[in-house]
Amino acid sequence: MKIDVVMLTKDSEYILRRCLDSIYRNIPINNLIVIDGFSKDNTVKILEEFDERYGNLRLIRDGGTRAKAREIGVRNVETEWFMFVDSDVVLCRGWFDKARKHAGVGVGAVWGVNVDIIPNFRSRVFYKLALHVAKKSFKIRGGLHDTLILRDAVKDIKIPSYLRIFEDAYVMKWIRSRGYRVQICEDAYCLHYKPPENWYWRAAVSVAKSEVKCGLVYSGLYRYALYYPFFSAYWLIYNFQKIKKAYSYAGD
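To convert, take the position in the sequence shown, counting from 1, and add 7; that gives the numbering used here.
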């Protein structure tokens with residue numbers, strides 16, 4: 008069985024090659040449908056390289072919101088099942104073979120757990136806790152980092168165009184409202200590498216404001232805010248490491 012894969016890109020070059028490599032290694036692709044938000048870096052060049060190599064990449068340029076891009080992707084899907092993959096993740100080995108086992112009767116989506124990676128930070132205990140939090144968070148707000156979806160479950164979806172983020176929460180809510188179950192596949196996962204600029208405090212505050220506007224307001228996901236202290240730990244750890252590194256250089 009082959010499936011279509013839908014990906015949204017915008018200035019994604021920093022991790023895109025690793026992302027695409029992991030997709031082509033672990034997913035039986037019919038078409039890779041990429042909706043690009045007019046990237047200004049080398050994103051399109053990288054996509055063209057992979058199209059030359061595999062010959063099944065369809066590039067669509069659109070300057071709208073993530074909500075609109077998701078809809079465009081769904082409209083272009085041809086296969087019974089398809090997959091959303093974010094452009095800043097790396098899929099685990101055997102992702103599709105693990106996830107497809109959960110795609111039974113009555114299932115509308117299978118989500119692979121996402122693990123947010125902190126640059127240059129290793130801690131088995133921390134990431135084990137992060138996995139637990141990711142699963143709990145998904146049950147509240149959903150996610151489309153690496154998600155297998157039944158096309159019939161979303162073929163008529165209309166996502167509010169104002170959703171710059173949290174459109175993934177809307178998609179999951181839609182699937183459940185159609186009577187489908189959403190499964191979590193714990194052994195299919197992706198490593199999520201946030202864009203470098205997202206580690207600055209100003210970006211973190213901006214994201215938080217957007218989440219309040221797009222998430223907590225429209226869908227009542229107030230329980231998700233309970234996890235904000237844990238999410239802020241990512242920025243604390245990252246910036247503490249930067250300060251520690253700067254002091255070590257100064258000492259030398």
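We put the CB at the ideal spot given by N, CA and C, even for glycine.
In this structure, H109 sits away from C197, with a CB-CB distance that is not shorter than 8 Å. CA-CA distance, R25 to F145, rounds to 25 Å. Counting the other Cβ atoms within 10 Å of the Cβ of H139 gives fewer than 16, which makes it exposed. DSSP, read as helix, strand or coil, puts H109 in helix. In the structure shown, the three-state DSSP call for F133 is helix.
Distance from the Cα of V122 is smallest, within the candidate group N63, I42, V112 and V96, for V96. Within the same chain, Y31, I36 and L39 come within 8 Å of Y61 by CB-CB distance, once the 5 residues on both sides are set aside. For A106 and V81, the gap between their C-alpha atoms comes out near 20 Å. In the three-state reduction of the DSSP assignment, N63 falls in the coil class. Every unbroken stretch of the beta strand (DSSP E) spanning 3 or more residues and falling wholly within the segment 135 to 211 is given here in chain order: 153 to 157 and 188 to 199.
In the three-state reduction of the DSSP assignment, F91 falls in the strand class, which pools E and B.
If you ignore the 5 residues before and after S19, its C-beta comes within less than 6 Å of the C-beta of T50 and S94, all in its own chain and listed in chain order. Pairwise C-beta distances place the segment 153 to 167 out of contact with the segment 127 to 135, as fewer than three of them are shorter than 8 Å. Annotation for V81: the continuous alpha helix (DSSP H) segment containing it runs R73 to R82. Ranking D104, E55 and I79 by CA distance to the CA of A195 puts D104 first. Under the three-pair Cβ rule at 8 Å, the segment 146 to 156 counts as touching the segment 172 to 182.
In this structure, D43 sits away from R77, with a CB-CB distance that is not shorter than 8 Å.
Inclusion of L157 and G111 in the CB contact set at 8 Å is not warranted, their separation being larger than that value.
Beta-bridge partners of G119 (DSSP): C192. Shown here for V84: same chain residues with a beta carbon closer than 6 Å to its own, the five before and five after excluded, namely D11 and R158 in chain order.
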